[in-house]
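Quick note on the numbering used here: the sequence shown kicks off at 501 and runs consecutively.
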Amino acid sequence: MIEPVKPRDELFPFNIVNVDGREKAVPKENWDDYKEVALKLRSIEYLLQYDRNHGSIGLMNMIKYFGRKAMKIGNEEQKVRFRELKEIRIVWLKNHLKTRT
Numbered sequence: 501m502i503e504p505v506k507p508r509d510e511l512f513p514f515n516i517v518n519v520d521g522r523e524k525a526v527p528k529e530n531w532d533d534y535k536e537v538a539l540k541l542r543s544i545e546y547l548l549q550y551d552r553n554h555g556s557i558g559l560m561n562m563i564k565y566f567g568r569k570a571m572k573i574g575n576e577e578q579k580v581r582f583r584e585l586k587e588i589r590i591v592w593l594k595n596h597l598k599t600r601t
């Protein structure tokens, strides 16, 4: 099972620091485009593990918009996975069209 990204995870985009006795989130200095794409991909994979999310408008939009950036800045492995996700999205869209007619 894929867990959601939490503070202190490698893909959490912030470091949690203690400032005056309080925890504060500050952007990671070593954050880069590949980690950003990996975070978005993990977010989608997390949602995909639940059948109730399959075909949801929100998840289809995530795939569409996150995929655009991934195709520009992601590594080859990330691009391949987003191509697969886009194919899944097309199937879901076709199913939505069938149910509306």
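Just so you know, even glycine gets a beta-carbon here, dropped at the ideal spot from N, CA and C.
If you're wondering where the values come from, they're calculated on a predicted model, not measured in any experiment.
Query: Pick from Gln549, Glu577, Ile544 that is closest to Tyr565, judged by C-alpha positions; Result: Ile544
Query: Cutoff 8 angstroms; reference Ile563; Cβ partners in own chain excluding five residues on either side; Result: Ile544, Phe582, Leu585, Lys586, Ile588, Arg589
Query: Pairwise C-alpha distance: Glu529 and Asn518; Result: 16 angstroms
Query: Simplified DSSP assignment, three categories, for Glu510; Result: coil
Query: Separation of Asp520 from Asp551, as counted between CA atoms; Result: 44 angstroms
Query: Residues of its chain near Val580, where Cβ-Cβ distance is below 6 angstroms and the 5 sequence neighbours each way are ignored; Result: none
Query: Val526 at chain C interface by Cβ criterion, 9 angstroms; Result: Protein chain content of the structure displayed is limited to a single chain, and chain C is not contained in it.
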